[in-house]
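Heads up: the sequence lines are chains A and L, in that order. Using full-length UniProt numbering, you'd call the opening residue of the first sequence number 1 and step up by one each time. Using full-length UniProt numbering, you'd call the opening residue of the second sequence number 1 and step up by one each time. Following: one structure in structure tokens, then a few remarks.
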Amino acid sequence: MAGKSSVFDMIGPVMIGPSSSHTAGVVRIGRAAIRVLGGIPDEALITFYNSFARTYEGHGSDRAIIGGLLDMKTDDDRIKTAFEVAKEKGLQYSFKSIGNASVYHPNTVKVNLTKGTKKVEVIGESLGGGLINISKVDGFNADFSAQAHTLIIKAQDVSGAIAFISSVIAQEKTNIATMSVSRKGKNDIACHVIEMDSGLQPITIEYLKSLPWIKELIYIPDIDL
Amino acid sequence: MSYLFETFKGWKAYCEEKDVPLYQPVLEYEVDQKGKEEGAIREGILRAYRVMREAVETGLKEDMTSRSGMINNGAKKVYNHKLSVLSPEFQKLISRALAAKEVNSCMGRVVAAPTAGASGILPGTLYTLQEIHDLPDESIVEGLLVGAGIALIIEQNASLAGAVGGCQAETGSAAAMASGAMVYCLGGSIEQVFNAVGITIQCMLGLVCDPVAGLVEIPCVVRNASAAAIANSSAQIALADVDAVIPVDECVEAMGEIGASMENKYKETALGGLAATLTGQQIAKRVLIQDIEILPDEELPE
């Protein structure tokens, strides 16, 4: 964890039980995933891997992920009845378990979400104590904690893109905490994932979105707010 | 510069030099490290205490049956039982610690203090202490701040996670926090508070984390009750100025050393101890997901 622990890590967090890694962390992965999608999904396929694969029912990870996909916070007592809430809101879901996926972190969950014609695939790892890492978005390496404000930009692989984007962010006096870029191939689409200490103004986001070489922009403010 | 909670010795020296109560450096630490205001910190801790009290009450009132069925309204049974082994207060203490922890196992709202697996200990002990001694909420808030300071030191020099240090790291740390908080709330000296922490750790050392079927239920729930009892016995001993002999910092060091040499099967993996018993394995077979696709060793997903 970055920096020193807080008094509220010792007396807290306030959360729905039973487990910070198998319940609270999973809720947060769900909350991060719907921000990538841009809303509550109509359909969700959830795959639990490795340690999650066998224990997801007992730890309530299934209700936790559905609760997160319905935008519930980690201390929302509706998590326990998330399946009923999903029915009311028209969210269809199914679960799958896969063991021995050695490339994945022991506590990994993958969600494939559909909303209208939009589809996303998000892979999240629950690191313990409710902390998470979103490792992949639509097959691109992402690696963000969703604790800070996150910008995901899919753009043409043009030269100067990184410098340009970071200078736009710098104009807002926003500090970049982490930044990573991955691409599927040379001159193909590159995915920029930028974690910032503070948020961006809507006008900056609209400006970046309007650039022709930027194909898609997803802005995820601190998911716990 | 605030005190960084490296050792109990350092915490005591800081308080004595500045002539401040034990909770003051904890407030200063949070102000310094996290940029919060004192008032907001006290308010946040009070909110957490209210959630703790609610968890106790929910666990004694609402149906507490876990998905696996292993937890089934035990706290209410203890609370309502006609025969008190020791005293009605002791009976209440035990049932309250069980109640808050049962709420955790049954997907209710709790405060992870320091972890979700140990979320019944501070609620059970402080609720009961407040009732018996008619303490104001402000006093409990200061006690909880002292508890947070205790946990910060244990986190640095041993661990608070069952997966790293076994159950001693979770219920042991929570009991140490509770015991220190109680002695503080009852007007104990710094020496007495730290003695209570040291004695509690001495009583909890070596406890392994061996949850049946990997769930936070058996033996976690009953261990929250026993840890609450130990927190009380240690507070009673420490208040009478009985010395822990081994200084509290060295007790924490022992906890870290034991945690480090504990085998992995005793660290939340559900491979040893109670989890590995015949009945434990039968329960695991019943409650765990069986419809699972196991990938061959060489094949990668996708």
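Every residue, glycine too, gets a C-beta built ideally from N, C-alpha and C. These numbers come from a predicted model, not from an experiment.
Starting from the beta carbon of residue i, find every residue of chain L whose beta carbon is closer than 9 Å, and list them in chain order.
i	result
Glu57 (chain A)	Arg67, Ser68, Val287, Leu288, Ile289
Ile98 (chain A)	Ile292, Glu293, Ile294, Leu295, Pro301
Asp77 (chain A)	Met107, Gly108, Arg109
Gly68 (chain A)	Result: empty, since nearest Cβ-Cβ is about 14 Å, beyond 9 Å.
Ser94 (chain A)	Correct list: empty, because the minimum Cβ distance to chain L is about 12 Å.
Lys80 (chain A)	Cys106, Met107, Gly108
Going by beta-carbon coordinates alone, are residue i and residue j separated by less than 8 Å?
i	j	result
Tyr29 (chain L)	Leu144 (chain L)	no
Ser21 (chain A)	Asn107 (chain A)	yes
Ile194 (chain A)	Ile214 (chain A)	no
Ser179 (chain L)	Ala240 (chain L)	no
Met52 (chain L)	Glu217 (chain L)	no
Ile230 (chain L)	Tyr56 (chain A)	no
Ile283 (chain L)	Val212 (chain L)	yes
Ser198 (chain A)	Cys191 (chain A)	no
Phe194 (chain L)	Val111 (chain L)	no
Leu86 (chain L)	Thr115 (chain L)	no
Gly166 (chain L)	Lys267 (chain L)	yes
Ile140 (chain L)	Ala176 (chain L)	no
Ala225 (chain L)	Ala196 (chain L)	no
Ile153 (chain A)	Leu200 (chain A)	no
Arg63 (chain A)	Ile223 (chain A)	no
Asp138 (chain A)	Asn187 (chain A)	no
Use the C-beta contact count for residue i: other C-beta atoms within 10 angstroms, 16 or more gives buried, fewer gives exposed.
i	result
Arg35 (chain A)	buried
Met255 (chain L)	buried
Ser5 (chain A)	buried
Pro123 (chain L)	buried
Ser84 (chain L)	exposed
Gly17 (chain A)	buried
Ala170 (chain A)	exposed
Lys136 (chain A)	buried
Gln92 (chain A)	exposed
Leu225 (chain A)	exposed
Ala163 (chain A)	exposed
Glu6 (chain L)	exposed
Arg286 (chain L)	exposed
Glu88 (chain A)	exposed
Arg61 (chain L)	Strictly speaking, residue 61 (chain L) in this sequence is Lys, with Arg absent from that position. Exposed, since its Cβ has fewer than 16 Cβ neighbours within 10 Å.
Ile203 (chain A)	exposed
Ser173 (chain L)	buried
Phe8 (chain A)	buried
Thr65 (chain L)	exposed
Thr279 (chain L)	exposed
residue 351 (chain L)	An answer regarding residue 351 (chain L) cannot be provided, because it is not within the stretch 1 to 302 covered by chain L.
Ala40 (chain L)	exposed
Gly185 (chain A)	exposed
Gly68 (chain A)	buried
Ser210 (chain A)	exposed
Run down chain A in chain order and give the residues with a C-beta less than 8 Å from the C-beta of residue i.
i	result
residue 323 (chain L)	The requested residue 323 (chain L) is not part of the displayed model; chain L covers only 1 to 302.
Val103 (chain L)	Gly17
Ala116 (chain L)	Met15, Gly17, Pro18, Ser19, Ser20, Thr23, Ala24
Leu215 (chain L)	Pro18, Thr55, Gly58, His59
Chain A partners of residue i, CB-CB under 9 Å?
i	result
Ala161 (chain L)	Gly128, Gly129
Lys34 (chain L)	Gly3, Lys4, Ser6, Val7, Phe8
Ile41 (chain L)	Val7, Phe8
Leu145 (chain L)	Val7, Ile11
Mind listing the chain L neighbours of residue i? Cutoff is C-beta to C-beta under 7 Å, in chain order.
i	result
Pro13 (chain A)	Ala112
Ala53 (chain A)	Ile289, Ile292
Residue i and residue j look like a contact to me (Cβ under 8 Å); what is the Cβ gap, rounded to whole Å?
i	j	result
Leu45 (chain A)	Lys96 (chain A)	7 Å
Val27 (chain A)	Met72 (chain A)	7 Å
Thr125 (chain L)	Lys92 (chain L)	Rounded, the Cβ-Cβ distance is 11 Å, inconsistent with contact.
Taking C-beta pairs closer than 8 Å, name the residues in chain L that residue i reaches, listed in chain order.
i	result
Met179 (chain A)	Those do not exist, as Met179 (chain A) stays about 24 Å from chain L at its closest Cβ, beyond 8 Å.
Gly60 (chain A)	Arg67, Met107
Arg63 (chain A)	Met107
Could you check if residue i belongs to the surroundings of the ligand ATP, using beta carbon to heavy atom distance under 7 Å?
i	result
Ser21 (chain A)	For the structure depicted, the ligand ATP is absent and the ligand set is empty, with no information on it obtainable.
So residue i contacts chain A; which residues on that side make the cut at Cβ distance below 7 Å?
i	result
Ile45 (chain L)	Ile11
Glu30 (chain L)	Ser6, Val7
Ala151 (chain L)	Met10
Ala48 (chain L)	Ile11, Gly12, Val14
Val51 (chain L)	Val14
Contact criterion: CB-CB distance below 8 Å. Does residue i meet it with respect to chain C?
i	result
Ser21 (chain A)	No chain C is present in this structure, whose protein chains are A and L.
Would you mind listing the alpha helix (DSSP H) stretches within the region 82-135 of chain L that are 4+ residues and don't spill past its ends, in chain order? Here the runs fully enclosed are 88-105, 121-133.
List in chain order: all unbroken alpha helix (DSSP H) runs of 4+ residues lying wholly within the region 224-273 of chain L. 248-261
In chain order, which continuous runs of the beta strand (DSSP E) of length 3 or greater are located wholly inside the region 135-164 of chain A? DSSP runs (the beta strand (DSSP E)) wholly in the region 135-164 of chain A: 140-144, 149-156.
Runs of 4 residues minimum, wholly inside the region 56-98 of chain A: which ones carry the alpha helix (DSSP H) assignment? 61-69, 82-89, all fully within the region 56-98 of chain A.
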